[in-house]
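K.L.:
Those protein sequence lines, which keep their order, are chains B and U.
Those letters in the first sequence? Residues 18 to 129, by my numbering.
Those letters in the second sequence? Residues 542 to 655, by my numbering.
All C-beta atoms, glycine included, are put in the ideal place defined by N, C-alpha and C.
Below: one structure in structure tokens.
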Amino acid sequence: QKEVEQNSGPLSVPEGAIASLNCTYSDRGSQSFFWYRQYSGKSPELIMSIYSNGDKEDGRFTAQLNKASQYVSLLIRDSQPSDSATYLCAVHGSGNTGKLIFGQGTTLQVKP
Amino acid sequence: DTEVTQTPKHLVMGMTNKKSLKCEQHMGHRAMYWYKQKAKKPPELMFVYSYEKLSINESVPSRFSPECPNSSLLNLHLHALQPEDSALYLCASSQTGTNQETQYFGPGTRLLVL
């Protein structure tokens with residue numbers, strides 16, 4: 018079992034729709050969770066961080082965390098073609114080393 | 542200012558060359574990271590420096606040699622690389638190198654080994 022799992026996609030949504038990206042993790046002691054966006058040929062850019070169960074909203078982005086189910090998701094409302102990218106879920110392990118464990122990434126395509 | 546800079550942007554080297562990648566941050570962070578990313582794969586951690594000391598080495602081959610001259614600078618010295626080492630090399634930094642911290646990535650150096 019991989020430590021952080023994401024569906025590789027591609028996930029295709031029409032412009033203006035809600036895109037839902039999902040991630041599960043195996044280390045029950047994980048405490049901090051991150052979503053990065055990576056455009057082709059570019060470096061990862063932080064979209065959201067979340068540490069507590071529940072929802073965290075920032076503009077069109079909402080991160081959701083359920084530690085009991087070991088599940089974290091990212092919702093993108095009013096998706097735009099410029100949101101087309103690979104979204105990486107990243108989790109800190111339970112040891113306090115700062116080591117980030119990345120999922121394989123989900124490719125999102127937003128079609129005009 | 543949440544900026545991490547990396548030089549060069551692109552690098553082509555032969556298998557017998559010696560080259561260095563450089564990374565700099567001015568955010569006052571005390572932890573810096575090197576990652577390697579192959580096409581269509583997630584970043585893989587190589588090294589972590591915390592307070593200028595190497596704290597994590599993910600069993601990286603000795604042809605990669607990291608150096609942290611001070612808290613703002615991180616180098617990766619390359620020697621006798623193989624074609625399979627061609628990848629995007631990413632530098633990142635965070636406050637102290639512990640959990641809960643956000644890691645900020647530089648733009649990367651795209652390396653091609655011939």
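(1) So, helix, strand or coil for serine 99 of chain B, using DSSP?
(2) Are the CB atoms of alanine 621 of chain U and leucine 652 of chain U nearer to each other than 8 Å?
(3) Compute the distance between the beta-carbons of serine 613 of chain U and glutamate 565 of chain U, then report whether it is under 8 Å.
(4) Return the first residue and the last residue of the beta strand (DSSP E) that tyrosine 56 of chain B is part of.
(5) Compute the Euclidean distance between the alpha carbons of lysine 128 of chain B and glutamine 121 of chain B, then round it to the nearest angstrom.
(6) What three-state label does DSSP hand serine 625 of chain U in the structure shown?
(7) Could you confirm whether any beta carbon from chain B is found closer than 8 Å to the beta carbon of glutamine 623 of chain U?
(8) Between methionine 573 of chain U and the rest of its own chain, which residues show a CB-CB distance below 6 Å, the 5 nearest in sequence each way excluded?
(9) Out of B:Arg77, B:Ser69, B:Thr123 and B:Leu125, state which residue places its alpha-carbon closest to the alpha-carbon of glycine 46 of chain B.
(10) With respect to the beta strand (DSSP E) encompassing glutamate 22 of chain B, which residues constitute its N-terminal and C-terminal limits?
P.N.:
Straight from the coordinates:
(1) Position 82 of the first sequence, counted from the start, is the residue given in the question as residue 99 of chain B. Correct three-state label for serine 99 of chain B: helix.
(2) Here the question's residue 621 of chain U lines up with position 80 in the second sequence. Here the question's residue 652 of chain U lines up with position 111 in the second sequence. In this structure, leucine 652 of chain U does not lie closer than 8 Å to alanine 621 of chain U by Cβ.
(3) Taking the first residue of the second sequence as position 1, residue 613 of chain U is located at position 72. Taking the first residue of the second sequence as position 1, residue 565 of chain U is located at position 24. Going by C-beta atoms, serine 613 of chain U is nearer than 8 Å to glutamate 565 of chain U.
(4) Sequence index remark: in the first sequence, residue 56 of chain B carries index 39 (1-based). Per DSSP, tyrosine 56 of chain B belongs to no beta strand (DSSP E) and is neither H nor E.
(5) Locating residue 128 of chain B in the first sequence gives position 111, where the first residue counts as 1. Locating residue 121 of chain B in the first sequence gives position 104, where the first residue counts as 1. Going from the Cα of lysine 128 of chain B to the Cα of glutamine 121 of chain B covers about 22 Å.
(6) Translated into the one-based positions of the second sequence, residue 625 of chain U becomes position 84. Per the sequence shown, the amino acid found at residue 625 of chain U is glutamate instead of serine. Correct three-state label for glutamate 625 of chain U: helix.
(7) Position 82 of the second sequence, counted from the first residue, corresponds to residue 623 of chain U. Not an interface residue.
(8) Stepping through the second sequence from its first residue, residue 573 of chain U is reached at position 32. Tyr590, Leu615 and Ser634, listed in sequence order.
(9) For this step, residue 46 of chain B is matched to residue 29 along the first sequence. Taking only the C-alpha atoms, the option nearest glycine 46 of chain B is B:Ser69.
(10) Translated into the one-based positions of the first sequence, residue 22 of chain B becomes position 5. 21-23 is the span of the beta strand (DSSP E), which, as asked, contains glutamate 22 of chain B.
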